[in-house]
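Right, one structure below, let's go through it.
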Amino acid sequence: MVLHSLAEAATLGMLPNKQGVSYGDVYMPMTPMFHVHAWGFPFTATMVGLKQVYPGRYAPDSLLDLILNEKVSITHCVPTILQMVLKEAQDRDASFNGLKMIIGGSRLTEGLAKTAMAQGIEVYTGYGMSETAPLISLTEFSLNEPEMTEDEDIARRCMTGKPVLMVDAQVWGEGNKPVGKGQENTGELVLRAPWLTQSYFKNDDAGKGAVGEWLYAHSRHRLHTS
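Under numbering that gives the first Met the number 0, the letters of the sequence shown match residues 0 to 225, in that order.
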């Protein structure tokens, strides 16, 4: 977990300010601590030296109170929690003033991303599993990013992103061969990193057929052309 947190911190630290982590940020998890230690972010926040706020119960009114009163600037949650907090903010006519939020657990839809952006949230997607400790990829915008339309920007935020530091992610087709890029080329996601589990919990058969040190994610993916 320490090695994974270092990789996570390095990845977030290299991103632009409106997306990455800096010393002045205030961190609050909106993901339960029992779920892979709140996705590993408390370790990262501690390594970076951030002020940390822990909410207790995950009720939208108390979450919004803490975000506003403690000036929380970076958080993460599943889409359902985001919807609840957005509704609470709409009812109070409150704005989030550039709150950085990583969404995982299930797909971030374009509609929800647009609503979050309109209310002042810089929303992004993270992808992973419990077996990957858990974050393996993150939406990424570079400082020299070419100009995008609003729809292109939203679409990028809803993608699973690029592998974080020290993660090797590939998409394999038949014969365990990497597939090409583009929408027509889909295959199984396979992963390699220092902190992956050696097998699935109480399901050793799920790893059979794996080649070398690769972990099969058992899900279909494609590589974007960019």
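Positions of the beta carbon are idealized from the N, C-alpha and C atoms, including for glycine.
Around the CB of Tyr53, fewer than 16 other CB atoms lie within 10 Å, so the residue is classed as exposed. At a Cβ-Cβ threshold of 7 Å, Leu142 and Gly125 do not count as neighbours. Following the DSSP letters along the chain, one finds Arg155 inside the alpha helix (DSSP H) bounded by residues Glu149 to Arg156. Assigned with DSSP and collapsed to three states, Glu139 falls in coil, not helix or strand. With a contact defined as Cβ atoms closer than 8 Å, Val20 and Val47 qualify at about 6 Å. Per DSSP, Thr196 is not a residue of any alpha helix (DSSP H), being assigned neither H nor E.
The C-alpha of Lys176 is placed about 37 Å away from the C-alpha of Thr79.
A residue is called buried once 16 or more other Cβ atoms fall within 10 Å of its Cβ, and Arg156 is buried on that count. For Trp213, there is no enclosing alpha helix (DSSP H), since its DSSP letter is neither H nor E. Take Thr159, set aside five residues on each side of it, and the residues of its chain with a beta-carbon closer than 7 Å to its own are Thr124, Tyr126 and Ser136, in chain order. It is roughly 46 Å from the alpha-carbon of Pro145 to the alpha-carbon of Lys201. Counting only the Cα atoms, Arg191 lies some 29 Å from Leu49.
Secondary structure of Glu183 (DSSP, three-state): coil. Looking at the DSSP output, Leu98 bridges to Ile120. Gly172 carries a coil assignment under DSSP once its states are collapsed to helix, strand and coil.
For the pair Ser94 and Met29, the Cα-to-Cα distance works out to about 18 Å. The same chain holds no residue with a CB closer than 7 Å to that of Thr148 once the five nearest residues on each side in sequence are set aside. The continuous stretches of beta strand (DSSP E) do not include Val178, and DSSP gives it neither H nor E. Spatial neighbours of Asp60 in its own chain (CB-CB distance under 8 Å, excluding positions within 5 residues in sequence) are listed in chain order as Glu87.
The straight-line gap separating the alpha-carbon atoms of Glu139 and Gly97 is approximately 16 Å.
A straight-line Cα-Cα distance of about 23 Å links Gln82 and His36.
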